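Colleague: Residue numbers (my numbering): 148 to 291. In this text, a Cβ means the ideal position worked out from N, Cα and C, and glycines have one as well. This one's a predicted model, so the numbers in the text were calculated from it and none came from an experiment.
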Ligand SMILES: [Zn+2]
């Protein structure tokens, strides 16, 4: 469970004086994302324990984490009543520590009506190509 190298989210989650800290929940710590200009209230929910990947988190812990995500989302909706939709993202590209992005969206905000991060439009594959990819994942499924 300990990261191989120092992890910035482990440090932030353990620091009660972190200036972006919103609150601590039983299994997670809520902090503000540094970037607030385009999406006021944009928060990150950090799992207290370090896991590199979602599939490594024990199911009960992950379910509790997702419940805490819903509690944080409800608080953001109350704090920013003009929030029209909450976008959730779990990426881990920059920091390999399981965390959720909670991005409050508002009418007319940056990239309104689209994902908060623009993505390059890709051409649709042939149906058979989707079938090959789906079959590969289906074959890799393990029953719990
Ligand atoms: Zn970590």
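Compute the Euclidean distance between the alpha carbons of residue 204 and residue 172, then round it to the nearest angstrom.
Modeller: In the chain shown, the residue the question calls residue 204 occupies position 57. In the chain shown, the residue the question calls residue 172 occupies position 25. The straight-line gap from Cα to Cα measures roughly 17 Å.
Colleague: Are the region 194-204 and the region 251-258 touching by the rule of at least three beta carbon pairs closer than 8 Å?
Modeller: no
Colleague: Cβ of residue 200 versus every heavy atom of ligand 1: is any distance shorter than 7 Å?
Modeller: Numbered from its first residue, the chain shown carries residue 200 at position 53. It does not: the Cβ of residue 200 is nowhere closer than 7 Å to a heavy atom of ligand 1.
Colleague: Starting from the Cα of residue 227, find the closest Cα among 218, 279, 265, 187 and give me that residue.
Modeller: As a working note, residue 227 is residue 80 in the chain shown. That would be 187, whose Cα lies nearest to the Cα of residue 227.
Colleague: Give the DSSP bridge partners of residue 170, in chain order.
Modeller: Walking along the chain shown from the start, residue 170 turns up at place 23. BP columns for residue 170 point to 177.
Colleague: Taking the alpha carbon of residue 192 as the reference point, which residue from 183, 156, 280 has its own alpha carbon closest?
Modeller: Locating residue 192 in the chain shown gives position 45, where the first residue counts as 1. Checked all of 183, 156, 280; the closest Cα to residue 192 is 156.
Colleague: Rounded to the nearest angstrom, how far is the Cβ of residue 262 from that of residue 189, given a contact under 8 Å?
Modeller: Position 115 of the chain shown, counted from the first residue, corresponds to residue 262. Position 42 of the chain shown, counted from the first residue, corresponds to residue 189. No, residue 262 and residue 189 are not in contact; Cβ-Cβ is about 14 Å, not under 8 Å.
Colleague: Compute every distance between the C-beta of residue 156 and the non-hydrogen atoms of ligand 1, then say whether any falls below 7 Å.
Modeller: Counting from one through the chain shown, the residue named residue 156 turns up at place 9. At least one heavy atom of ligand 1 is nearer than 7 Å to the Cβ of residue 156, so yes.
Colleague: Could you name the residues of the same chain whose beta carbon sits closer than 8 Å to that of residue 233, not counting the 5 residues immediately before and after it, in chain order?
Modeller: Numbered from 1 along the chain shown, position 86 holds the residue referred to as residue 233. Same-chain partners within the cutoff: 220, 223, 224, 249, 250, 251, 252.
Colleague: Report whether the distance from the Cβ of residue 197 to the nearest heavy atom of ligand 1 is below 7 Å.
Modeller: As a position in the chain shown, residue 197 is number 50, starting the count at 1. At least one heavy atom of ligand 1 is nearer than 7 Å to the Cβ of residue 197, so yes.
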